[in-house]
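Chemist: Here you go, one structure.
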Amino acid sequence: MKKRTYLKIYLIPLGYLMLITMIGCAKDKESVPELTTSPVTYVSEPSVTFSGTVTSDGGAAVTERGICWSTSHNPSTSDEKIPNGTGTGSYTCTLAGLLTNTPYFVRAYAINSSGTGYGPEMAFRTWNDEIATDIDGNVYHTVTVGSQIWLVENLKVTHYRNGDPVELVTDNAAWEGLTSGAYCNYEHISANAAVYGRLYNWFAVNDDRILAPEGWHIASDAEWSDLSSAQGGDAVAGSKLKEAGTIHWREPNADATNESGFSALPGGHREYGGNFTYINWGGGWWCSTEENSNDAWIRYMDYGAFDTWRALEDKRYGRSVRCVKD
Numbered sequence: 062m063k064k065r066t067y068l069k070i071y072l073i074p075l076g077y078l079m080l081i082t083m084i085g086c087a088k089d090k091e092s093v094p095e096l097t098t099s100p101v102t103y104v105s106e107p108s109v110t111f112s113g114t115v116t117s118d119g120g121a122a123v124t125e126r127g128i129c130w131s132t133s134h135n136p137s138t139s140d141e142k143i144p145n146g147t148g149t150g151s152y153t154c155t156l157a158g159l160l161t162n163t164p165y166f167v168r169a170y171a172i173n174s175s176g177t178g179y180g181p182e183m184a185f186r187t188w189n190d191e192i193a194t195d196i197d198g199n200v201y202h203t204v205t206v207g208s209q210i211w212l213v214e215n216l217k218v219t220h221y222r223n224g225d226p227v228e229l230v231t232d233n234a235a236w237e238g239l240t241s242g243a244y245c246n247y248e249h250i251s252a253n254a255a256v257y258g259r260l261y262n263w264f265a266v267n268d269d270r271i272l273a274p275e276g277w278h279i280a281s282d283a284e285w286s287d288l289s290s291a292q293g294g295d296a297v298a299g300s301k302l303k304e305a306g307t308i309h310w311r312e313p314n315a316d317a318t319n320e321s322g323f324s325a326l327p328g329g330h331r332e333y334g335g336n337f338t339y340i341n342w343g344g345g346w347w348c349s350t351e352e353n354s355n356d357a358w359i360r361y362m363d364y365g366a367f368d369t370w371r372a373l374e375d376k377r378y379g380r381s382v383r384c385v386k387d
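Dropping the structure here:
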């Protein structure tokens with residue numbers, strides 16, 4: 062008897078075969094590059110620096126990468142652009158010759174054989190042509206936010222508008238006992254004042270001899286509320302008002318974009334007992350509005366929050382000061 066041999070045939074349904082084929086092809090399919098766009102860093106007016114990172118080449122060589130921008134949303138490479146190299150990784154581009162007092166939108170881009178990929182859109186506003194100068198000769202940039210014009214930097218002045226000196230007080234006990242205007246530098250270091258401005262008690266803010274430069278005044282509680290409203294309200298305004306990045310702010314500086322151009326910095330504060338705290342962690346600004354004989358209003362922004370906070374503070378505290386145009 063002949064031995065029979067059986068041939069086993071496995072039938073694979075056509076749908077599964079097509080699926081296997083598609084999965085195999087998908088592994089080899091190329092796509093456009095993937096990118097991130099970092100928030101703006103102001104360099105000099107009216108120039109700004111942006112960073113981009115090509116996180117994936119999409120399976121094909123990146124032949125061009127850079128930054129594109131426009132005064133309209135969703136800029137593309139058909140708008141203004143600056144190429145900067147090839148391949149994956151991080152890069153920076155400086156945008157020069159920008160119009161003053163103008164909102165711009167920016168995206169990182171990268172090109173491979175499959176097309177062009179874009180990073181998230183970032184927004185920023187350039188500063189104004191106008192500058193302000195205090196009695197000491199300190200120069201301040203200005204920016205339009207909503208219907209208001211603000212100084213971009215915190216006050217650094219050491220004299221009232223009439224020429225009288227603002228008292229510099231370093232002793233802790235003397236600071237605590239003050240009922241008249243005074244200022245200090247954070248931890249008595251002048252380099253801190255050069256970056257973050259000086260810290261003033263509220264009595265200096267309210268002095269009849271006037272702390273603000275000619276044509277400007279220290280913002281009221283209502284004016285700070287208007288500023289916040291122009292950025293979408295207290296719950297989100299902090300992220301749009303704070304300087305972006307972590308050069309001055311502690312990480313994570315939650316989603317700070319500085320798209321307003323306001324450039325809020327974390328100058329810390331001096332407690333009424335004289336101790337210094339919170340530089341790089343948070344910034345607090347006096348309002349000209351008092352609540353009672355002991356307290357006045359401040360606005361506060363923190364490295365870990367999106368919002369702005371309205372709070373009452375003892376008038377003996379040392380806080381930063383911002384001015385708005387008359």
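If you read the sequence shown in the working numbering, its first letter stands for residue 62, the second for the next number, and so on. The beta-carbon is built from N, C-alpha and C at its ideal position, and this holds for glycine as well.
1) Kindly confirm or deny that the segment 275-295 and the segment 145-161 touch, where touching means at least three C-beta pairs closer than 8 Å.
2) Here's the rule: buried if 16 or more other CB atoms are within 10 angstroms of the residue's CB, otherwise exposed. What is A169?
3) Touch check for the segment 330-339 and the segment 363-383: three-plus C-beta pairs under 8 Å?
4) Excluding sequence positions up to five away, which residues of its chain have a Cβ less than 7 Å from the Cβ of D140?
5) Is S354 helix, strand or coil when you go by DSSP?
6) For a minimum of 3 consecutive residues, which ranges assigned as the beta strand (DSSP E) are wholly contained in the segment 148-198?
7) Identify, in the order they occur along the chain, each residue of the same chain with its Cβ nearer than 6 Å to the Cβ of F264, setting aside the five sequence neighbours on each side.
8) Does the beta-carbon distance from K217 to A254 come in below 8 Å?
9) Measuring alpha carbon to alpha carbon, tell me which of Y247, G306, D356, V385 ends up nearest G328.
10) Looking only at its chain, what residues have a beta carbon closer than 7 Å to the beta carbon of T205, apart from the 5 residues adjacent to it on each side?
11) Taking the continuous beta strand (DSSP E) assigned at V382, which residues delimit it?
12) Going along the chain, which residues of its own chain have a beta-carbon closer than 8 Å to the beta-carbon of Q209, five neighbours each way excluded?
13) Helix, strand or coil, according to DSSP, for K376 in the structure here?
14) Per DSSP, G120 forms a beta bridge with which residues?
15) Roughly how many whole angstroms lie between the Cα atoms of V101 and P181?
16) Going by alpha carbons, who is nearest to V382 out of H309, D295, I271?
17) Quick check on A296: buried or exposed, where buried means 16 or more other Cβ atoms within 10 Å of its Cβ?
18) Taking DSSP as the reference, what is the three-state secondary structure of W342?
19) So, helix, strand or coil for V93, using DSSP?
20) Use the C-beta contact count for H134: other C-beta atoms within 10 angstroms, 16 or more gives buried, fewer gives exposed.
21) Measuring CA to CA, which of E351, A305, G322 is closest to S99?
22) Let me know the secondary structure DSSP gives S208 once reduced to three states.
23) Out of T318, D268, T307, which one is the CA nearest neighbour of R341?
24) Taking the CB atoms as reference points, tell me whether T114 and T97 lie closer together than 8 Å.
25) Apart from the five residues on each side of it in sequence, which residues of its chain come closer than 8 Å, Cβ to Cβ, to D118?
26) Starting from Y244 and walking both ways along the alpha helix (DSSP H), at which residues does that stretch end?
Modeler: Once the coordinates are examined:
1) no
2) buried
3) yes
4) C129, W130, S131
5) coil
6) 150-156, 164-173, 176-179, 183-186, 192-194
7) S241, G242
8) yes
9) Y247
10) N162, N189
11) V382 -> no beta strand (DSSP E), and no H or E assigned at all.
12) E284, D287, L288, A291, V385, K386
13) coil
14) DSSP output for G120 lists no bridge partner at all.
15) 13 Å
16) I271
17) exposed
18) coil
19) coil
20) exposed
21) A305
22) coil
23) A small correction: the amino acid at residue 341 is Asn; Arg does not occupy that position in the sequence shown. Of the listed residues, the one whose Cα sits closest to N341 is T307.
24) yes
25) P94, G148, T149, A171, N173
26) Where Y244 is concerned, there is no enclosing alpha helix (DSSP H), although the beta strand (DSSP E) it sits in stretches over 243-245.
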